[in-house]
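These notes are about the structure you will find just below.
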Amino acid sequence: MKHVLKTNRDGSEQILIGKVIWKEKPARKRDRRIEWQFSLETLRLREIEAVIRSRHGNGIPDPAGTDDVDSCHAYLRAVAMTPGAQDLVSWAKVWAPWANPTDLDEIGGQRERRKRMIGADAVAKLLFVTMDERTALGLKTIGACDRSTEDRKKLARDTKRARDRAAKEKARREEGRVARASYEAESISRLKPWLAEGISRRTWERRRDASLSRVEEEGKGDTPASKPDMPLSVQHTIGQSRVAGLVVGLGDHPPAELQEAAPHGSCDMSGGQAA
Numbered sequence: 395m396k397h398v399l400k401t402n403r404d405g406s407e408q409i410l411i412g413k414v415i416w417k418e419k420p421a422r423k424r425d426r427r428i429e430w431q432f433s434l435e436t437l438r439l440r441e442i443e444a445v446i447r448s449r450h451g452n453g454i455p456d457p458a459g460t461d462d463v464d465s466c467h468a469y470l471r472a473v474a475m476t477p478g479a480q481d482l483v484s485w486a487k488v489w490a491p492w493a494n495p496t497d498l499d500e501i502g503g504q505r506e507r508r509k510r511m512i513g514a515d516a517v518a519k520l521l522f523v524t525m526d527e528r529t530a531l532g533l534k535t536i537g538a539c540d541r542s543t544e545d546r547k548k549l550a551r552d553t554k555r556a557r558d559r560a561a562k563e564k565a566r567r568e569e570g571r572v573a574r575a576s577y578e579a580e581s582i583s584r585l586k587p588w589l590a591e592g593i594s595r596r597t598w599e600r601r602r603d604a605s606l607s608r609v610e611e612e613g614k615g616d617t618p619a620s621k622p623d624m625p626l627s628v629q630h631t632i633g634q635s636r637v638a639g640l641v642v643g644l645g646d647h648p649p650a651e652l653q654e655a656a657p658h659g660s661c662d663m664s665g666g667q668a669a
């Protein structure tokens with residue numbers, strides 16, 4: 395008999411063979427990620443709770459008999475001016491159980507007149523959230539009372555630029571590249587070895603290039619040793635003659651007096667030989 399897969403609305407699955415349940419898969423315990431929708435209001439509410447938890451612990455302290463009534467009620471106003479989030483009365487039962495129902499009705503009435511929650515800078519000024527506290531808690535929907543929006547954006551760009559620069563430098567070090575500071579510390583422009591020799595940089599570089607391009611040849615005397623079975627070139631022979639003092643003058647050609655002159659006319663011939 396062929397089995398049938400049955401899927402229920404709660405997510406559970408059953409494999410039926412006829413009317414007999416052969417296998418059963420229970421419903422999932424949590425919703426799938428695709429079914430979850432992001433809510434900016436809920437995130438604002440969670441960040442307000444993070445500020446309260448950081449400052450006071452697990453709840454807003456009772457301001458009765460103190461001068462902190464306005465500052466404690468500011469948390470309630472911030473929640474009330476976040477429409478679409480949790481109801482103020484139910485939220486106050488957990489975070490401010492001391493709150494008077496009359497005060498909650500008065501503060502909660504501000505929500506009915508609002509369609510959107512207040513801005514990030516406004517709630518930051520209401521709760522006195524500084525830039526250091528915002529950075530420490532990682533707040534996103536709450537601004538800073540001591541920094542403007544433009545300053546925060548500029549700081550975020552600088553922070554990202556520094557983080558990217560550090561990541562690229564780490565990648566270069568892993569590839570084995572030398573740091574620029576180390577390279578410049580050992581560079582010729584910084585060491586300036588020509589000053590120790592008392593010459594100019596141009597002279598020092600010319601001497602260095604000449605020493606690097608010099609070809610050393612082993613031989614006896616002034617005549618370099620030639621490779622076996624390899625005839626010497628004409629220029630090499632003339633160069634040896636010039637070194638030995640046999641050829642003087644400029645250029646690669648010997649003077650005219652050392653060249654054999656060809657006979658001209660009959661006066662230069664004597665018995666068929668040149669005079």
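Numbers given in the working numbering equal positions in the sequence shown, counted from 1, plus 394. Every residue, glycine too, gets a C-beta built ideally from N, C-alpha and C. Here the structure is a predicted model, which is why all the values come from computation and not from measurement.
Asked                                                                                                                                                                       : Found
Where do the N-terminal and C-terminal ends of the alpha helix (DSSP H) with leucine 434 fall, by residue?                                                                  : 434 to 450
Return helix, strand or coil for glutamine 504, following the three-state DSSP convention.                                                                                  : helix
Let me know the secondary structure DSSP gives tryptophan 598 once reduced to three states.                                                                                 : helix
Suppose you measure from the CA of alanine 421 to the CA of glycine 405; what does that come to, to the nearest Å?                                                          : 5 Å
Alpha carbons only, please: which of Arg602, Pro587 and Thr535 is nearest the one belonging to glutamate 435?                                                               : Thr535
Looking at alanine 538: is its Cβ nearer than 8 Å to the Cβ of arginine 546?                                                                                                : yes
For isoleucine 582, report the span of its alpha helix (DSSP H) as first-last.                                                                                              : 582 to 585
Please classify tryptophan 485: is it buried, with 16 or more other beta-carbons within 10 angstroms of its beta-carbon, or exposed?                                        : buried
So what does DSSP say about valine 483, is it helix, strand or coil?                                                                                                        : helix
Distance, Cα to Cα, serine 542 vs glutamate 569?                                                                                                                            : 41 Å
Would you identify the three-state DSSP class for glutamate 568, choosing helix, strand or coil?                                                                            : helix
Spatial neighbours of threonine 401 within its chain, please: CB distance less than 7 Å, with the 5 preceding and 5 following residues excluded, ordered by chain position. : Glu407
Quick one: grab the DSSP three-state call for leucine 470.                                                                                                                  : helix
Alpha carbons only, please: which of Asp497, Ala479, Glu527 and Thr524 is nearest the one belonging to isoleucine 512?                                                      : Ala479
Can you give me the C-alpha to C-alpha distance between glycine 412 and histidine 397, rounded to a whole angstrom?                                                         : 7 Å
Could you pull the DSSP bridge partners for lysine 419 from this structure?                                                                                                 : Glu407
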